[in-house]
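Residue numbers (my numbering): 19 to 218.
What follows is a single structure, written as structure tokens, with notes after it.
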Amino acid sequence: LTPAAKGLRRLRLVALGYIAASGASDAARVAFGQFESADNMTDRQGALGVLANTDAPERVAALDIFYDRWRDDALVLDKWFSTQAMSTRGDTAAAVEALARHPDFTLANPNRLRALAGAFAANQRGFHEASGRGYRFLADTIIAADAINPQTAARLLPPLGRWRRFDEARASIMRGELERILATAELSKDVFEQASKSLV
């Protein structure tokens with residue numbers, strides 16, 4: 019792939035993002051058109067990412083098509099999980115909780131775990147919603163994953179450790195989740211050290 023071709027792909031994605039951000043009535047239709055006509059994963063995933071932020075029917079259609087087509091390709095399916103976890107929709111926390119119960123999600127797969135929980139923790143809007151639902155989800159996931167893969171579980175913890183950067187209400191919830199993790203019986207050394215350090 020030439021630098022010019024790479025640049026064109028990037029430009030196409032940026033333009034699509036601007037169209038969607040403008041609130042244009044045909045934005046979802048345009049994004050879905052790119053999703054369907056794409057001859058490469060960059061364009062297809064970029065269009066899916068734009069659609070994932072919308073309430074349009076094309077969003078569900080694109081997610082279903084993507085899943086059906088690549089459900090047997092683990093690396094591509096990770097993108098399906100992470101794209102939804104990074105959505106700016108208001109219901110992303112609930113959607114991520116549902117995805118954690120999806121038949122293709124498993125705590126035993128570090129890549130899949132990072133694709134869902136790790137991506138969601140990097141979603142500034144969804145993860146930090148005022149109710150603290152995102153913090154609880156991440157803490158629950160860390161506790162559950164710790165019994166299977168302590169190293170990966172510990173690597174998911176830093177977003178909760180950034181509580182000092184947030185308002186008191188959010189910071190209080192984040193500290194509470196760190197304390198709940200520390201109170202878990204038979205916690206691994208990896209997670210215990212990371213959580214303890216985060217509260218100091």
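All C-beta atoms, glycine included, are put in the ideal place defined by N, C-alpha and C.
When C-beta atoms of the stretch 195-213 are compared with those of the stretch 161-177, three or more pairs fall below 8 Å, so the two segments count as touching.
Assigned with DSSP and collapsed to three states, G144 falls in helix. A check of alpha carbon separations from A49 across I199, Q102 and R77 identifies R77 as the nearest. Annotated three-state conformation of I166 is coil, per DSSP. DSSP, read as helix, strand or coil, puts T159 in helix. Taking C-alpha positions only, K24 is separated from P75 by approximately 30 Å.
In the DSSP annotation of this structure, the continuous segment of the alpha helix (DSSP H) that includes M192 starts and ends at E186 to L200.
Cα atoms of A133 and F99: separation of roughly 6 Å, rounded to the nearest angstrom.
In terms of CA proximity to L69, R47 leads the group M59, T60, R87 and R47. G150 places its beta carbon 8 Å or farther from that of I83. For D44, the secondary structure class from DSSP, reduced to helix, strand or coil, is coil.
In this chain, the alpha helix (DSSP H) harbouring S214 covers K207 to L217. In this structure, the CA atom of A33 is about 33 Å from the CA atom of R180.
8 Å or more divides the Cβ of R173 from the Cβ of D122.
Of the residues assessed, E211 falls on the exposed side of the cut-off, its CB having fewer than 16 other CB atoms within 10 angstroms.
In the three-state scheme derived from DSSP, where H, G and I count as helix and E and B as strand, E115 is classed as helix. Cα atoms of S216 and A92: separation of roughly 33 Å, rounded to the nearest angstrom. Note on geometry: alpha-carbon atoms of D61 and E197 lie some 43 Å from one another. Here Y153 is buried, its C-beta having at least 16 other C-beta atoms within 10 Å.
Straight-line measurement puts the Cα of R28 at about 26 Å from the Cα of D86. Of the candidates A139, G144 and A80, the residue whose Cα lies closest to the Cα of T106 is G144.
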